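If you read the protein sequences in the order shown, they are chains P and G.
Position one of the first sequence corresponds to residue -10 (this note's numbering), numbered consecutively onward.
Position one of the second sequence corresponds to residue 7 (this note's numbering), numbered consecutively onward.
Just so it is clear, CB atoms sit at the ideal spot from N, CA and C, and this is done for glycine as well.
From a predicted model like this one, the values you see are computed outputs, not experimental measurements.
Before any comments, here is the structure.
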Amino acid sequence: MTGGALAGRRRSYAQRAFGAESALWRLDGVLLVAVIALSVIGTLLVWSSTRTWAPGSTGLLKKHLLNEGIGVFLCAAVAMMDHRAVRAYAPLVFLVSLIGLGLVLTPLGATINGSHSWILLGGGFAVQPSEFAKVGLVLITAMLLAQPVEGTDRPRGFDVMLALVAAGMSLALVMMQPDLGTALVLAAISASALVISGVRKRLIALLTLIGAAGVFSVFYFEMLEPYQLARFTAFLDPNVDPRGVGYNSTQSLIAIGSGQLFGKGLLGGGQTTGRFVPEQHTDFIFTVAGEEFGFLGAVTVVLLLGVVLLRGLKIARQCEDRFGTLVAGTIVCWFAFQTFVNVGMTIGIMPITGLPLPFVSYGGTATFANLIAVGLLQAIRVRRQSFE
Amino acid sequence: MNRTRTRLLVLQVLVLALLAALAVRLWQVQVVRGPELMNRATETRTRAVIVPAVRGQILDSSGRPLVRNKTALVVSVDRTGLIRMKDHGLSVLSKLSDVLSRPVAHLQKRITPCGPGVGKPCWTGSPYQPVPLDEKVDTREALQILERQEEFPGVSAEIHAVRQYPGGRAGAQMLGYLSPVTEAELEKRVGLKATFSGVDLAGRDGIEYVYDEELRGKAGLRRVQVDRMGKALGVEQQVEPVSGDHLVTSIDSRIQAVTEKALQNAMKSAPRADGGAAVVLDPKTGRVLALSSAPGYDPAVWAGGISERMYRHLLSEKSGKPLVSRAINGQFAPGSTFKVSSVAAMLRAGYPLNGKYSCPGSYMVGDRAFNNFRGIGLGTLSLHLALVKSCDTIFYRSAYEQYLRDGGRNPKKSVKEVFANTARGFGFGEPTGIDLPGESSGRIPDRRWKKDMWALTSGTNCKRASTGYPEVKDGARAAFLKRLAHENCTEGFVLRPGDSANFSIGQGDVLVTPLQLARAYAALVTDGKVRSPRIGWALVRPDGKVVRTVPVPVVGKLPITEKERLYIKNALSQVASDGTAAGAFSGFPMDKVRIGGKTGTAEVWGKQDTSWFASFAPTKNPRFVVVVMVSQGGMGSQTAAPAARAIYEGIFGIKRPAALPEGKPVSRLPRFTPDGMVIAE
């Protein structure tokens, strides 16, 4: 049979996918399970927090499942790629993400929930280019900083400058929306890329100083919208204005605290049912976990995210090429930053910034971006040896 | 790559630290502060709606209602809901004013919480509770509101229990009234908020106040789960209300009605009368059978919030303060009815019971002549006849002699004050302790009282003694007042001879309440025990089970022997037939029911006399004590005694159907069926 002859020369797709030497067996199983668990928990919480929108509805459950499906497909596709090939496409991905960010600022952009970060696709679908910008920035900085100065493990000064320029461009576009939360994530991504790439401590100190000066001038020249400033200060003392800016902090603390040790059970959260915490299916989804699953459930979510982060770090350490290490390490920092800020704001130790909780919050583009990042981690893991 | 690996390790430590921080903080929020935040969650998530308990009825001794509940459709407005509207609910109120045909301004005033500068008809209850606007809505009006709920957001029409008074004005002051609990009271009752709410009414006076807790029952609580916008999602918790207990009183509504009528007629018969009271006691038990005070008012004015005009009217001097019960708060000189105490005091001082006493027309007390009534001498009398004929001089003399024995103007170190102390033994000078709030204590003006009074008033008196009364136009009167002020300034602390003489015949500074007099007579004509009268008899659960009976405490004993007591009682038994009240009781069938008693005519400076009659019947085995007092009613035999006669005629059925055909008070509690109905005997 011709098929047999073909099979002799090339392994079948089935064999390539599931055979003994298949990449499947080299995937990071723990990371996979943690991400799946988080996605399942997230799906349940999205259901619980949105089913009350209309009597008898399932809320955003179906739409979220669709998003997850697309995300899983993207994740798998990326995981199958060789990350060294991805490196070649990094400038293109970055450029596309910049265009996306730019489009948001044109009349094509739309405002949803007070932030002008969306491009409507019709049919009730919309994309948030700032989420893709995270992936774009991860790839471009890793690409630029992956090439060390001959004989050292430090990136070239010119590359560092280019990386800073790339970060500055996407940062500026995001700030024009304005989306402070995403801007902070982008800043964290490029900062962590620089640190991991091995730039001199002097440079890190200098950049930190510049950053501090930037933050200072933002406050000093009142560049922030008053509501942003109010949110920043409100977390320090939510009782200042519990009906106004302190409302979110107070209500999310009440919702989480009322879950106590064991929680009120899925769909059993009165605060969730009464929708006392705004944005409880997106930025404040952790309050639903806290209320309905209690301390045990909330800590489980934090632990699962911790597993993702630690596995990511392991992948970064084990990867033998700088690009892979940089991409993996930067992705971990991105997730870590978002996790800490998101969970921290719901329990009153961080200011309120509009950031979703990775893998758990509702949101199509964010889900895609997160799962693409996981796909990258898996791709790096699969091809961690420089030469197979 | 080494540097990169080191930095990745540092990063790992950082990530672990941040995760640990999150876990620690979660523990703090969910476990340490969990219970506290749980409570706050319940507070934000739910609205407690108070389901008022049905207030117990107040029944008479046969189970007839004195105060009952009728169900009424009540339209109430959720004030906080209205205020949140764009126009502060003005459009809703104006629509409501069409349905209820009341001006919008009035409705607005009704829902405004009372406060400084906000007078009646303001809302006295909690600002967070629905305000009842109209308690006399008919079904059609209520349906208009209920069927078009979308046009009347925040307005509800519900069936509530409203107090109803089958006896009309009868015993209004004794029964008391209800008004919505104020926010201050709510604050004070921390922890009781669930049982005491703004829609709840609180007893404000009378037995409604004293037995408030039992009558009130326990309000139910419905914890409604709401969402962020306040929309109700469902009921989270429901505690059914517990109806209040019924209060069975010893009041006999038929006697009460007769008493009210008699008092009304007495008031009408005396042209200057400005107030009156009548007390009917069961002397054997000390329970109150009827208690009325004139002028009266219709307690129905309280239902649904009283208007400011009506409230002022109830408190005004001009209308005679109908809110005040003169039976327990009216303090008047008792006149000759007080002589029972003075006879006892004479006996305590050693005057013989069977002695003969001269009753001249006038007796010199110190340097002043004190006259008998109309200055007529009655010859030599026994104490028996001294009471029957109401001789005054015998008492002047004995009181003055005792005054001198105590040292007169310069009292000895320890004074006996026989007359004052005996009066205290009769229960005068202190509240009787009846189950009504705010009772007056009367006054026994002894030497100590004089001193205390002087300490309080000497300042003004001494000033007036030197400045005089330039504002008084009548020169003679101004001079008199100045002399009086001078006298009071220099020797106001001294009990003067005239004071002691006046005291002995119940004149001057001595004051008693009608109830005090009634219980003194009750003790005198039965067993000599002074009791603290009670209106409440038993508290009965809605299912008919008796929760507790109200005992009548014995608080003292008359300071006389049994022989002396019977002697005085016998003397009083002749007053209505042969004594000062003979005229008032002429034609009364004494062979059927013999009435005993004592008239009193107390002079009040610048006013008409206070008319008193303290009495009991039947004289052999007294089952009723009736005391009637009419302020500015004239002579006791003219106004009070005929009123008492009318009461006896009603009780025993003379010339009309008898209120109590058996001639004695009801002695058994009414019986109830398990569903709370009274079993007719």
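N-terminal and C-terminal residue of the alpha helix (DSSP H) that residue i is part of
i: H319(G); result: 314 to 321
i: I566(G); result: Premise fails: I566(G) is in no alpha helix (DSSP H) and is neither H nor E.
i: Y406(G); result: 399 to 411
i: F658(G); result: 647 to 658
i: P44(P); result: Per DSSP, P44(P) belongs to no alpha helix (DSSP H) and is neither H nor E.
i: C495(G); result: 481 to 497
Nearest to residue i (by Cα), restricted to the options the options
i: P138(G); options: S162(G), G123(G), L329(G); result: S162(G)
i: I369(P); options: Q327(P), Y351(P), V316(P), S181(P); result: V316(P)
i: P358(G); options: R332(G), S342(G), K345(G), H390(G); result: H390(G)
i: Y654(G); options: H319(G), G534(G), A268(G), R547(G); result: A268(G)
i: R11(G); options: K303(P), V332(P), N359(P), L97(P); result: K303(P)
i: R629(G); options: D66(G), V286(G), V19(G), V143(G); result: V286(G)
i: Q307(P); options: S592(G), R210(G), L675(G), N8(G); result: N8(G)
i: A608(G); options: S643(G), R547(G), G435(G), V80(G); result: S643(G)
i: G435(G); options: K419(G), W455(G), A29(G), N416(G); result: W455(G)
Beta-carbon gap between residue i and residue j smaller than 7 Å
i: L366(P); j: G301(P); result: yes
i: Q270(G); j: A355(G); result: no
i: L32(G); j: I243(P); result: no
i: A429(G); j: I450(G); result: yes
i: L63(P); j: F324(P); result: no
i: L27(P); j: F348(P); result: yes
i: R293(G); j: D441(G); result: no
i: A577(G); j: V599(G); result: no
i: P328(G); j: P301(G); result: yes
i: S621(G); j: T645(G); result: no
i: L175(P); j: S186(P); result: no
i: A650(G); j: G512(G); result: no
i: D258(G); j: S67(G); result: yes
i: S472(G); j: N335(G); result: no
i: P119(G); j: W129(G); result: yes
i: V633(G); j: A524(G); result: yes
i: G698(G); j: G383(G); result: Nothing in the structure corresponds to residue 698(G), since chain G is present only between 7 and 687.
Outcome for residue i when other beta-carbon atoms lying within 10 angstroms are tallied against a minimum of 16
i: L198(G); result: Low confidence applies here, because L198(G) scores a pLDDT of 45, under 50, leaving its location unreliable; read the following figure in that light. Exposed.
i: K569(G); result: exposed
i: P109(G); result: exposed
i: N360(G); result: exposed
i: F284(P); result: buried
i: M635(G); result: buried
i: N56(P); result: buried
i: F376(G); result: buried
i: L162(P); result: buried
i: Q638(G); result: buried
i: E153(G); result: exposed
Range of the contiguous beta strand (DSSP E) that encloses residue i
i: C468(G); result: Careful: C468(G) lies outside any beta strand (DSSP E), inside the alpha helix (DSSP H) at 453 to 473.
i: I101(P); result: 98 to 101
i: I108(P); result: 104 to 111
i: N377(G); result: 374 to 377
i: R554(G); result: 552 to 555
i: G318(P); result: That residue, G318(P), is in no beta strand (DSSP E); its alpha helix (DSSP H) goes 311 to 335.
i: S249(G); result: Note, S249(G): premise wrong, no beta strand (DSSP E); not H, not E.
Straight-line Cα distance separating residue j from residue i
i: V561(G); j: K661(G); result: 39 Å
i: A43(P); j: F114(P); result: 20 Å
i: L346(P); j: R372(P); result: 28 Å
i: T605(G); j: I657(G); result: 20 Å
i: G281(G); j: Q63(G); result: 29 Å
i: D304(G); j: Q262(G); result: 15 Å
i: A225(G); j: Q243(G); result: 14 Å
i: L153(P); j: L173(P); result: 14 Å
i: G121(G); j: D93(G); result: 23 Å
i: K469(G); j: F432(G); result: 39 Å
Residue-level contact to chain B via CB, residue i, 7 Å cutoff
i: Q243(G); result: The displayed structure is made up of protein chains P and G, and chain B is not among them.
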